[in-house]
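Asks:
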Amino acid sequence: MTTPVVLVERPAEGVALVRINRPDARNALNMEVRRLIAQHLTELADDAGVRCIVLTGNEKSFAAGADIKEMANIGSIEMLQRGTLKLWRTIASCPKPVIAAVNGFALGGGCELAMTCDIIIAGESAKFGQPEVKIGIIPGGGGTQRLTRAVGKFKAMRYVLTGDIFGAREAYEMGLVSELVPDADVEKHAIEMAKRIAELPPLAVEQAKEAVLRGMDASLETGLALETKAIQLLFSSEDQKEGMAAFIEKRKPVFKGR
Ligand code: DAK
């Protein structure tokens, strides 16, 4: 029996962990892996028992990019028909928070995959990069756009144009990595954070995520208007009443997601 190339685990209440599992290929993203990640993310987004998702690989590699062997000889029409961007959109548009837990390589499509997540937790020896230019292409899964938005034009250009790999510390200092932890702690730390998020009122978490992401594509005024609408909406939720009552009564709140 072969082990699935993407595994789903439930390490804690409210938390799902999606693990890329092609260790012999450094977790290169072939179409099967891409489709399965998209399928699992779509299902988990609809699962009321899941409030936060961790996406990870193994200790050697988060993902070493698109599977070069699978795409080396295909043409542009076949590439177009693969619909990669549509698959990755299921992660970027997941209403629940997604945390990338990165050990080892996050290169090319692997770095892009991490950047579709909301939070990136990396091990100290993780390696990031957009090395596509070295094999005659450019980042095609959002790298030219998301990396630039994360770290600014001049750092993004420095790495996109050279294809150089950079370490987790540099990634952290540039603002690409949210938190840097010892390699052995990456998964545990990501699950702990996911657990804390899963205990928060889910409507507020969802609205916060949406306001940040939509605001990034909008003017400040539009983003602020979006934020205002979202907070006003939350004043109709039971969880807002419960959260504030619990604070005043000095007790632990019980959130219901309503
Ligand atoms: N694809 C296929 N196989 C890979 C791979 C990859 N990206 N990365 C590693 N492997 C395979 C190796 O071929 C090797 O297989 P065997 O020879 O054992 O059969 C095995 O994994 C172990 O690799 P190494 O022996 O090289 O292991 P090392 O630890 O020495 O090195 C490494 C690890 C990750 C530094 C190295 O393998 C490496 O440089 N890999 C390639 C990294 C890379 O260039 N990544 C970018 C790929 S291009 C698109 C959207 C997105 C994309 C394309 C189109 N559209 C919307 C159209 C994305 C493009 C990319 O990501």
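Numbering (my numbering), first residue to last: 15 to 272.
For each residue, glycine too, the CB sits at the ideal point set by N, CA and C.
Bear in mind that the values here come from a model prediction, so they are computed numbers and not experimental data.
1) Is it the case that the segment 243–254 contacts the segment 213–230, given that we only count it when at least three CB pairs across the two stretches are under 8 angstroms?
2) Under 8 angstroms from any heavy atom of the ligand DAK, does the C-beta of A52 make it?
3) Is any non-hydrogen atom of the ligand DAK found closer than 8 angstroms to the C-beta of R40, if you look at the structure I gave you?
4) Which partner residues does K141 have in the DSSP bridge list?
5) Is the segment 33–42 touching the segment 68–79 in the sense that three or more CB pairs, one from each, lie closer than 8 angstroms?
6) Less than 6 angstroms between C-beta atoms, sequence neighbours within five positions excluded: which residues of the same chain meet that for M129?
7) Of the choices R172, F168, A212 and M258, whose alpha-carbon is the least far from that of V147?
8) With respect to the beta strand (DSSP E) encompassing T70, which residues constitute its N-terminal and C-terminal limits?
9) DSSP on L21, reduced to helix/strand/coil?
10) Per the contact definition of three or more C-beta pairs closer than 8 angstroms, is the segment 101–120 in contact with the segment 198–207?
11) Taking C-alpha atoms, which residue in T162, E138 and I133 lies nearest to Q144?
12) Which partner residues of P272 appear in the DSSP bridge assignment?
13) Does DSSP put E193 in a helix, in a strand, or in coil?
14) How about K74: is its Cβ closer than 8 angstroms to a heavy atom in the ligand DAK?
15) Looking at the ligand DAK, does it come within less than 8 angstroms of D197, judged from the CB to the closest heavy atom?
16) Go ahead and label L121 buried or exposed: buried means 16 or more other beta carbons lie within 10 angstroms of its beta carbon, across all protein chains shown.
17) For the ligand DAK, I want to know if I91 counts as a neighbour, meaning its beta carbon is within less than 8 angstroms of at least one of the ligand's heavy atoms.
18) Can you round the beta-carbon distance between V174 and A136 to whole angstroms, since I take them to be within the 8 angstroms contact cut?
19) Rounded to whole angstroms, how far is the Cβ of A140 from the Cβ of A182, which I believe are closer than 8 angstroms?
20) Taking all protein chains shown into account, do 16 or more other C-beta atoms lie within 10 angstroms of the C-beta of L55, making it buried, or fewer, making it exposed?
21) Alpha carbon to alpha carbon, how far is A102 from G166?
22) Taking 8 angstroms as the line, does the beta carbon of E46 fall inside it for any heavy atom of the ligand DAK?
Replies: Well, looking at it:
1) Verdict: yes, contact present.
2) Every heavy atom of the ligand DAK is 8 angstroms or more from the Cβ of A52, so no.
3) yes
4) F119 and G181
5) yes
6) R160
7) R172
8) C66 to T70
9) strand
10) yes
11) T162
12) In the sequence on display, residue 272 carries Arg and not Pro. Note: R272 sits in no beta bridge, so no partner.
13) strand
14) yes
15) no
16) buried
17) For the ligand DAK, not one heavy atom lies less than 8 angstroms from the Cβ of I91.
18) Contact doesn't hold; Cβ gap of about 19 angstroms is too wide.
19) Indeed they touch by this definition, with Cβ atoms about 4 angstroms apart.
20) buried
21) Note on residue identity: the sequence assigns Trp, not Ala, to residue 102. Between W102 and G166, the C-alpha separation is close to 22 angstroms.
22) no
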